[in-house]
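Input: a single structure, listed below in structure tokens.
2 protein chains.
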Amino acid sequence: MKAEIVAIGSELTDGAKLDTNSQWLSQQLTDLGIAVHFHTTVADNLDENVAVLKLAVERADVVLITGGLGPTLDDLTREAMAALREVPLEFDEPSLAAITEMFLSRGREMPERNRVQAMFPLGSTPLPNPVGTAPGIWMTIPRGTARPPAIVAAMPGVPSEMHRMFDEQVRPRLPVSPQAIVRARLNCFGLGESHTEQLLGDLTARGRNPEIGITAHEATITLRITAHGFSMGECDEMVGVARETIVQRLGAYVYGSEDEELEDIVVRRLIDSGQTLATVESGTGGLLSQRITNVRDFERCYLGGLILPSETAQRRELGLAPDLFSQGGAISEAVAREMAICCRARLGADYAVAITNDRGMEFGADLSLPAAIVAVAAPDQVHVLPVQRIGNRAIHRSRTVKSALNLLRLHLVEPQ
Amino acid sequence: MKAEIVAIGSELTDGAKLDTNSQWLSQQLTDLGIAVHFHTTVADNLDENVAVLKLAVERADVVLITGGLGPTLDDLTREAMAALREVPLEFDEPSLAAITEMFLSRGREMPERNRVQAMFPLGSTPLPNPVGTAPGIWMTIPRGTARPPAIVAAMPGVPSEMHRMFDEQVRPRLPVSPQAIVRARLNCFGLGESHTEQLLGDLTARGRNPEIGITAHEATITLRITAHGFSMGECDEMVGVARETIVQRLGAYVYGSEDEELEDIVVRRLIDSGQTLATVESGTGGLLSQRITNVRDFERCYLGGLILPSETAQRRELGLAPDLFSQGGAISEAVAREMAICCRARLGADYAVAITNDRGMEFGADLSLPAAIVAVAAPDQVHVLPVQRIGNRAIHRSRTVKSALNLLRLHLVEPQ
Chain U
2 MKAEIVAIGS ELTDGAKLDT NSQWLSQQLT DLGIAVHFHT TVADNLDENV AVLKLAVERA
62 DVVLITGGLG PTLDDLTREA MAALREVPLE FDEPSLAAIT EMFLSRGREM PERNRVQAMF
122 PLGSTPLPNP VGTAPGIWMT IPRGTARPPA IVAAMPGVPS EMHRMFDEQV RPRLPVSPQA
182 IVRARLNCFG LGESHTEQLL GDLTARGRNP EIGITAHEAT ITLRITAHGF SMGECDEMVG
242 VARETIVQRL GAYVYGSEDE ELEDIVVRRL IDSGQTLATV ESGTGGLLSQ RITNVRDFER
302 CYLGGLILPS ETAQRRELGL APDLFSQGGA ISEAVAREMA ICCRARLGAD YAVAITNDRG
362 MEFGADLSLP AAIVAVAAPD QVHVLPVQRI GNRAIHRSRT VKSALNLLRL HLVEPQ
Chain Z
2 MKAEIVAIGS ELTDGAKLDT NSQWLSQQLT DLGIAVHFHT TVADNLDENV AVLKLAVERA
62 DVVLITGGLG PTLDDLTREA MAALREVPLE FDEPSLAAIT EMFLSRGREM PERNRVQAMF
122 PLGSTPLPNP VGTAPGIWMT IPRGTARPPA IVAAMPGVPS EMHRMFDEQV RPRLPVSPQA
182 IVRARLNCFG LGESHTEQLL GDLTARGRNP EIGITAHEAT ITLRITAHGF SMGECDEMVG
242 VARETIVQRL GAYVYGSEDE ELEDIVVRRL IDSGQTLATV ESGTGGLLSQ RITNVRDFER
302 CYLGGLILPS ETAQRRELGL APDLFSQGGA ISEAVAREMA ICCRARLGAD YAVAITNDRG
362 MEFGADLSLP AAIVAVAAPD QVHVLPVQRI GNRAIHRSRT VKSALNLLRL HLVEPQ
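So the protein lines, in turn, are chains U and Z. Counting in my numbering, the first sequence runs from 2 upward without gaps. Counting in my numbering, the second sequence runs from 2 upward without gaps.
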């Protein structure tokens, strides 16, 4: 079974907006075992919309459309679907009632032009939208006797409305693959992509079941495990064995699963042990604090952070001795170590993470030297780690912060 | 003249990667006056690639391709273009020399498989890639006597390589519209989208020249001015008049132009006047520092920042009196004011910006109350502003930080 995703809107083809819906829907369909072969984006033009949909039902069995369901003259998806099926649009009373109700709940009367959102191609099924005014449309298109009808579902372009409609209305209606599929992700930090591949060896061979894919994003390595089988139980077991084998081979490089970030693990560990954390940053300008304060319940362990861009500020706020800088400048192991120790004392925390100034953030930096140094002060010892610059400034910043979080994580997991 | 953008790669159709190239290229073509009608994304499958390209040269005059130029078996763009033109692939010596040189400059020998990147459809033009191994391909496809040949250009999928190749190799080869077009952007903060539209009145009417479009992103309003004329001079003049009219109507809500952010303006103003800034954040957890430290030369004015998530930390680090909190909790004008004043004194800065705790960051928050309070302490006065929550947590955080930066900007522009 092949699928095509169609995104409708001139704001997409002229570059004013980025389409993220097609990626999201591709992930959902891939997870259901339905292979997406095409994405098409088309401007608000009725003839072109109809031509695109005709081609889509020819070359794909499932066609998911986003956008073009609003109340204005530019919104042509309803008409295009009616033209595709060669039927008129008809009025749906329950949908009109729902739209009217949606406006009332926001304290407004329904504008006359929104009535058109209750029009549907004859024979199609309206898909309720509990969080917006545009209902979706579900219909099938006959393709002669030799092929099953194509499935066409249209959803709103607003991502939050589309996600909910897909989950509640579209996914349950899609034909289920007779095969069971289970997917899992393991996240690793501290290893390069090719080194990971080498350690995993035969596990990543193509065509293996479960299949294990490697993707890298800002130095986080994600292993995607996909098991195919006749039952969910069989798949779960295969995934379990694969996870164990991976953890055996990669050890503490594996830090979490699914959407977990390093900061999630660190915050959870600290809360569980009733310990506290403080941070001091120079070259990363608050990114470490940002990551920590985005974790739910962070306030139960995070006492606070200092952002000290200059040597002067570091000396003044942390009381670092001037001769500390005279030896190796603002980027040395000695400075990182003292920053962490003084920050820990100053904020009265069990642990402190420090990130020094960052040579890698300068424009035209000498990339052969360590760009920044990160340090972790624990109650009875200090860990220090230099970070090389790889990639552009934004990636380097993110990687430096992750290296600091990982240094703390490794200490919390297995104190040495 | 119509254009189509084609993105090639199974990592796009299966949702593993987000395609941002098509949006970027659409913006470039729209700026050149070439209307993009379609984006197509297709998996790594030769027959489907050829079919997609055949359709593209039928329905569009300019076809820009990204991806599929790598050295592996999955990379099919070369072959698909040769099949489209019905010609064989031939070897290009200069391209091979460039690829070999690229590897040498990275201290590596060229792997044998990369030789294929020097193969081109007969009669096509190789496009040099100064920052990667994959050269691009430029060719034209005849479409009978009634229509001009279609232009097809293939570029690498890596965005940085693609951007450079488009700028240096593709853009100069594209047919130029006989009309001149000049575009400009003005950025505003502090006004809603509909209020802005109201103040601009007739200026935003459709079909007007210059045309003025309004887009909103996390409470920043961007006005896009597009002037069409017979000469650049004529267009520049129209844009100049439009800018003046807009500034007359919106006043200090207009803060900058093109890519300028509020923090760019604030940092520049402070550096120009030789003044300094410190920050203290609670609910925004370092986002304000992040924005400031992303501006070039920020270290010339930014003395540092404190992130103090809890009342305890605020009292301890800033010496705020306990009874300050007993009156209105951690989110009150009095707390914001004292945070700013104490931070200014503590870091010895000319200005301090403070952001209190944030009710809007809590899950299930009461959104009828101001979510956070921001304050600016200047040498002789303090400004305070409550921020309501609108939108999700991430948007709210961004909006709160922007409101704080804007409060400082307004003081720097016109101290009261």
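Here a beta-carbon is modelled for each residue, glycine too, at the ideal position from N, C-alpha and C.
- Contiguous alpha helix (DSSP H) assignments of at least 4 residues, all confined to the region 93–122 of chain U: Listed in chain order, they are 94–106.
- Provide the residue(s) that pair with Glu334 of chain Z in DSSP beta bridges, ordered along the chain. Start at 1 with the first residue of the second sequence, and residue 334 of chain Z comes out as number 333. In DSSP, Glu334 of chain Z forms no bridge with anything.
- Anyone know if the C-beta pair for Ala337 of chain U and Val267 of chain U falls short of 8 Å? Sequence index remark: in the first sequence, residue 337 of chain U carries index 336 (1-based). Sequence index remark: in the first sequence, residue 267 of chain U carries index 266 (1-based). Contact flag unset, no.
- Query: What is the residue span of the alpha helix (DSSP H) that Ile266 of chain Z lies within?
  - Reply: The residue labelled residue 266 of chain Z in the question sits at position 265 within the second sequence. Counting along the chain, Ile266 of chain Z sits inside the alpha helix (DSSP H) bounded by residues Leu263 to Ser274.
- Task: Pick helix, strand or coil for Met140 of chain Z, following the three-state DSSP scheme.
- Result: Stepping through the second sequence from its first residue, residue 140 of chain Z is reached at position 139. Strand, per DSSP.
- Message: Using a Cβ-Cβ cutoff of less than 7 Å, which residues in the same chain neighbour Ala405 of chain Z once the five nearest sequence positions on both sides are dropped?
- Response: Along the second sequence, read from residue 1 onward, the residue named residue 405 of chain Z stands at position 404. Excluding sequence positions up to five before and after Ala405 of chain Z, its CB lies within less than 7 Å of the CB of Leu289, Val354, Ile356 and Val375, all in the same chain and listed in chain order.
- Task: Kindly list, in the order they appear in chain Z, the residues whose Cβ is closer than 8 Å to that of Pro310 of chain U.
- Result: Position 309 of the first sequence holds residue 310 of chain U. Near Pro310 of chain U (Cβ distances below 8 Å), the residues of chain Z are Thr294, Phe299, Glu300, Tyr303, Leu304 and Gly305.
- Can you give me the start and stop residues for the beta strand (DSSP E) that Leu278 of chain Z sits inside? Along the second sequence, read from residue 1 onward, the residue named residue 278 of chain Z stands at position 277. Unbroken beta strand (DSSP E) run through Leu278 of chain Z: Leu278 to Glu282.
- Query: Any chance the region 308–323 of chain U sits against the region 393–401 of chain U, with 3 or more Cβ pairs inside 8 Å?
  - Reply: No, the region 308–323 of chain U does not touch the region 393–401 of chain U.
- Message: I need the straight-line Cα distance from Val248 of chain Z to Ala57 of chain Z, nearest angstrom please.
- Response: Working through the second sequence from its first residue, we reach residue 248 of chain Z at position 247. Working through the second sequence from its first residue, we reach residue 57 of chain Z at position 56. Rounded to whole angstroms, Val248 of chain Z to Ala57 of chain Z spans 43 Å at the Cα level.
- 7 Å Cβ shell around Ile215 of chain Z - same chain, five flanking residues per side excluded: Locating residue 215 of chain Z in the second sequence gives position 214, counting from the first residue. Within the same chain, Ile215 of chain Z has close Cβ partners Glu194, Thr197, Glu198, Thr205, Ile222 and Leu224.
- Item | Segments assigned beta strand (DSSP E), at least 3 residues, entirely inside the region 191–228 of chain U | You should have 212–218.
- Query: Buried or exposed: which applies to Pro131 of chain Z, given that a residue is buried once 16 or more other Cβ atoms fall within 10 Å of its Cβ?
  - Reply: Start at 1 with the first residue of the second sequence, and residue 131 of chain Z comes out as number 130. Sixteen is the threshold: since fewer than 16 other Cβ atoms of the shown chains lie within 10 Å of the Cβ of Pro131 of chain Z, the residue is exposed.
- Task: List the endpoints of the continuous beta strand (DSSP E) containing Ile6 of chain U.
- Result: Here residue 6 of chain U refers to the residue found at position 5 of the first sequence. Ile6 of chain U -> beta strand (DSSP E) spans Lys3 to Ile9.
- Message: Let me confirm a value: Thr146 of chain Z is counted as buried when at least 16 other C-beta atoms fall within 10 Å, else exposed. Which label applies?
- Response: As a first step, residue 146 of chain Z must be located in the second sequence, where it is residue number 145. It is exposed - the Cβ of Thr146 of chain Z has fewer than 16 other Cβ atoms within 10 Å.
- Query: From Ser274 of chain U to Lys18 of chain Z, what distance separates their C-alpha atoms?
  - Reply: The residue you call residue 274 of chain U lines up with position 273 of the first sequence. The residue you call residue 18 of chain Z lines up with position 17 of the second sequence. Spanning the two alpha carbons is a distance of roughly 38 Å.
- Query: Do you know how far the Cα of Leu411 of chain Z is from the Cα of Tyr352 of chain Z?
  - Reply: Stepping through the second sequence from its first residue, residue 352 of chain Z is reached at position 351. Stepping through the second sequence from its first residue, residue 411 of chain Z is reached at position 410. The straight-line gap from Cα to Cα measures roughly 13 Å.
- Report the option in Z:Arg116, Z:Met140, Z:Ala350 and Z:Gln118 whose CA atom is closest to the CA atom of Thr126 of chain Z. The residue you call residue 126 of chain Z lines up with position 125 of the second sequence. Ranking the options by Cα distance to Thr126 of chain Z, first place goes to Z:Met140.
- Message: Just verifying my parser: in three-state terms, what is the DSSP assignment at Thr41 of chain Z?
- Response: If you number the second sequence from 1, residue 41 of chain Z lands on position 40. The DSSP-derived three-state label of Thr41 of chain Z is strand.
- Query: Three-state secondary structure (DSSP) at Glu418 of chain Z?
  - Reply: Residue 418 of chain Z lies beyond the stretch modelled for chain Z, which goes from 2 to 417, so this question has no answer here.
- Message: Please report whether the beta-carbon of Gly329 of chain Z lies at a distance below 8 Å from any beta-carbon of chain U.
- Response: Locating residue 329 of chain Z in the second sequence gives position 328, counting from the first residue. Not a single C-beta of chain U is nearer than 8 Å to the C-beta of Gly329 of chain Z.
- Cβ-Cβ distance between Ile6 of chain U and Leu65 of chain U below 8 Å: The residue you call residue 6 of chain U lines up with position 5 of the first sequence. The residue you call residue 65 of chain U lines up with position 64 of the first sequence. Going by beta carbons, Ile6 of chain U and Leu65 of chain U fall inside the 8 Å limit.
- Query: By a C-beta neighbour count over all protein chains shown, 10 Å radius and 16 as the cutoff for buried, is Lys55 of chain U buried or exposed?
  - Reply: Within the first sequence, numbered from 1, the residue matching residue 55 of chain U stands at position 54. Exposed is the call here.
- Just the chain U side, please: which residues come within less than 9 Å of Val43 of chain Z by C-beta, in chain order? Here residue 43 of chain Z refers to the residue found at position 42 of the second sequence. The contacting residues are His38, Phe39 and His40.
- Query: Whole-angstrom Cβ separation of Ala81 of chain U and Pro89 of chain U, contact assumed at under 8 Å?
  - Reply: Here residue 81 of chain U corresponds to residue number 80 of the first sequence, with the count starting at 1. Here residue 89 of chain U corresponds to residue number 88 of the first sequence, with the count starting at 1. Not really, about 14 Å apart at Cβ, beyond 8 Å.
- Expected contact under 8 Å - CB spacing of Gly191 of chain Z and Asn407 of chain Z to nearest Å: Within the second sequence, the letter at position 190 stands for residue 191 of chain Z. Within the second sequence, the letter at position 406 stands for residue 407 of chain Z. The beta-carbon separation of Gly191 of chain Z and Asn407 of chain Z, rounded to 6 Å, stays under the 8 Å limit for a contact.
- Spatially closest choice to Ser419 of chain U from U:Leu278, U:Val153, U:Ala346 and U:Asp359, by CA coordinates: The first residue shown for chain U is 2 and the last is 417, placing residue 419 of chain U beyond what the model contains.
- Item | Reduced DSSP secondary structure (H/G/I, E/B, other) of Pro160 of chain Z | Within the second sequence, the letter at position 159 stands for residue 160 of chain Z. Three-state DSSP puts Pro160 of chain Z in a helix.
- Please state if the CB of Asp93 of chain U and the CB of Phe121 of chain U are separated by a distance shorter than 8 Å. By 1-based counting over the first sequence, the position of residue 121 of chain U is 120. By 1-based counting over the first sequence, the position of residue 93 of chain U is 92. Yes. Within cutoff.
- Query: Where does Gly257 of chain Z fall in DSSP's three states?
  - Reply: Reading the second sequence from its first residue, position 256 is the one you call residue 257 of chain Z. Three-state DSSP puts Gly257 of chain Z in a strand.
- Query: Does the region 23–38 of chain U come close enough to the region 100–114 of chain U to have 3 or more Cβ pairs within less than 8 Å?
  - Reply: No, the region 23–38 of chain U does not touch the region 100–114 of chain U.
- Message: Let me see if you follow: with CB-CB separation under 8 Å, is Gly286 of chain Z close to chain U or not?
- Response: Here residue 286 of chain Z is taken as the residue at index 285 of the second sequence, counted from 1. For Gly286 of chain Z, the closest Cβ of chain U is nearer than 8 Å.
- Query: Are the beta-carbon atoms belonging to Ala228 of chain U and Val177 of chain U less than 8 Å from one another?
  - Reply: Numbered from its first residue, the first sequence carries residue 228 of chain U at position 227. Numbered from its first residue, the first sequence carries residue 177 of chain U at position 176. No, these two residues do not count as a Cβ contact at 8 Å.
- Message: Considering Cα atoms alone, identify which of Z:Arg144, Z:Thr42 and Z:Met340 is closest to Asp62 of chain Z.
- Response: Reading the second sequence from its first residue, position 61 is the one you call residue 62 of chain Z. Per the Cα distances, Z:Arg144.
- Please confirm if Glu91 of chain U has its CB atom under 8 Å from at least one CB of chain Z. Residue numbering aside, residue 91 of chain U sits at position 90 when the first sequence is read from its first letter. Taking CB atoms only, Glu91 of chain U has no neighbour in chain Z less than 8 Å away.
- Hey, how far is the Cα of Leu47 of chain Z from the Cα of Leu77 of chain Z? For the purposes of this step, residue 47 of chain Z is taken as the residue at position 46 of the second sequence. For the purposes of this step, residue 77 of chain Z is taken as the residue at position 76 of the second sequence. The alpha-carbon atoms of Leu47 of chain Z and Leu77 of chain Z are separated by roughly 6 Å.
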